[in-house]
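Reviewing the structure listed below.
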Amino acid sequence: MTTTVAERAAQAQTPTTAQQTAAQQTTDAQAEARRLTFMATIVAMMITVATMAAVGVVTSIPALLLASAALTITTVGVGLYTGLTMLPLR
362 MTTTVAERAA QAQTPTTAQQ TAAQQTTDAQ AEARRLTFMA TIVAMMITVA
412 TMAAVGVVTS IPALLLASAA LTITTVGVGL YTGLTMLPLR
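Each residue of the sequence shown is one higher than the last, beginning at 362 in this note's numbering.
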């Protein structure tokens with residue numbers, strides 16, 4: 362039985378189940394890596410802001426307190442936005 366050029370092209374473009382499974386596993390691994398990177402960054406920001414706030418309270422430096430408050434607001438905003446964006450990826 363002879364196949365036409367169009368049939369051969371259609372057959373060549375159809376991914377196999379193994380290819381689809383491998384692609385899905387790669388996508389899952391990438392999503393997990395993004396989540397891990399995000400969590401590590403947010404934890405680092407949390408530690409930085411807590412340290413700044415503690416030093417600001419102990420030394421009573423208003424600029425440090427205001428900077429830690431601004432960083433806190435920014436970190437919370439970024440954390441909420443990114444967390445809600447990544448929620449459907451679970």
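Backbone N, C-alpha and C fix where the C-beta goes; we use that ideal spot for every residue, glycine too.
Residue closest to residue i, alpha-carbon to alpha-carbon, out of the options
i	options	result
Thr402	Pro449, Thr443 and Leu448	Thr443
Val410	Arg396, Thr436 and Thr420	Thr436
Ile434	Ala394, Ser421, Met407 and Met447	Met407
Val439	Ile422, Thr420 and Met400	Met400
With 16 other Cβ atoms within 10 Å as the buried cut-off, status of residue i
i	result
Ser429	buried
Other residues of its chain near residue i: CB distance less than 8 Å, five sequence neighbours each side excluded
i	result
Thr446	none
Beta-carbon proximity list for residue i, same chain, < 6 Å, skipping 5 on both sides
i	result
Ala424	none
Does the segment 415-424 come within contact of the segment 387-395, defined as at least 3 CB pairs closer than 8 Å? no
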